[in-house]
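Residue numbers (our numbering): 114 to 282.
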């Protein structure tokens, strides 16, 4: 018997209720049915939601569980904005939390695991206080996953020049 998604307790003791882990579970099950040696080892839990009208996003190691990591935090209770980036000892972006202003999620999530091209403070501070720096698609490495549901990388998208080719990614 195979189960995926919210009705399955994974071997790591977690229940995954997001679509991307469900797709990875389904891919694992399909591999096993096809006779491959496959196992589900966990999944990306990054997500962007709107809760009670407030944008909320979380990606990577949002809680700073990695040893020796540094939290770079901006909090403005008056405007309802909270931003936290978790940075590794070597300067890599490990994860983050964005509340009230999650506009940078689409750029920051794919940069998880890479060294940021600017100081993290520049990404969390508002204009006039040393930020914001806008990072565009050109700052993403080619192996950055743009669509975690289908595991599509920036490089795969850049290799295709027409809309039908991009849809095939």
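All residues carry an ideal CB built from backbone N, CA and C; glycine is no exception. The structure presented is a predicted model; accordingly, all values stated were derived computationally and were not measured.
{"Asked": "How would you label residue 128, buried or exposed, when you count the other beta carbons within 10 angstroms and need 16 or more for buried?", "Found": "exposed"}
{"Asked": "Please state whether the Cβ-Cβ distance between residue 170 and residue 133 is less than 8 Å.", "Found": "no"}
{"Asked": "Give me, in chain order, the residues of the same chain whose beta-carbon lies closer than 8 Å to that of residue 193; leave out the 5 immediate sequence neighbours on both sides.", "Found": "167, 212 and 213"}
{"Asked": "When the distance is taken between beta carbons, is residue 257 closer than 8 Å to residue 224?", "Found": "yes"}
{"Asked": "So, with DSSP's three-state summary, where would you put residue 259?", "Found": "strand"}
{"Asked": "Go ahead and label residue 222 buried or exposed: buried means 16 or more other beta carbons lie within 10 angstroms of its beta carbon, across all protein chains shown.", "Found": "buried"}
{"Asked": "With 16 other CB atoms within 10 Å as the buried threshold, where does residue 143 fall?", "Found": "exposed"}
{"Asked": "Leaving aside the five residues before and after residue 117 along the sequence, list all residues of the same chain whose C-beta is less than 8 Å from its C-beta, in chain order.", "Found": "135, 138, 139 and 142"}
{"Asked": "Indicate whether the contact test is met: 3 or more Cβ pairs, each with one atom in the region 190 to 206 and one in the region 224 to 236, closer than 8 Å.", "Found": "yes"}
{"Asked": "Using C-beta distances below 7 Å, list every residue in its chain close to residue 264, excluding the 5 sequence neighbours before and after it, in chain order.", "Found": "258"}
{"Asked": "Our contact map puts residue 217 next to residue 238 with C-beta atoms below 8 Å; I'd like the distance itself, whole angstroms only.", "Found": "The pair is not a contact, with the Cβ atoms about 12 Å apart (cut-off 8 Å)."}
{"Asked": "At the level of alpha carbons, what is the spacing between residue 146 and residue 175?", "Found": "34 Å"}
{"Asked": "Report the rounded CA-to-CA distance for residue 280 versus residue 188, giving the unit in angstroms.", "Found": "39 Å"}
{"Asked": "Given a cut-off of 8 Å on the beta-carbon distance, is the pair residue 233 and residue 252 in contact?", "Found": "no"}
{"Asked": "Would you mind sorting residue 126 into buried or exposed? The rule is 16 or more other CB atoms within 10 Å of its CB.", "Found": "exposed"}
{"Asked": "Does DSSP put residue 351 in a helix, a strand or coil?", "Found": "Only positions 114 to 282 of the chain appear in the structure, and residue 351 is not among them; the question remains open."}
{"Asked": "Give every residue of the same chain whose Cβ lies closer than 8 Å to the Cβ of residue 195, excluding the five residues on either side of it in the sequence, and list them in chain order.", "Found": "186, 187, 188, 189, 210, 211, 212 and 213"}
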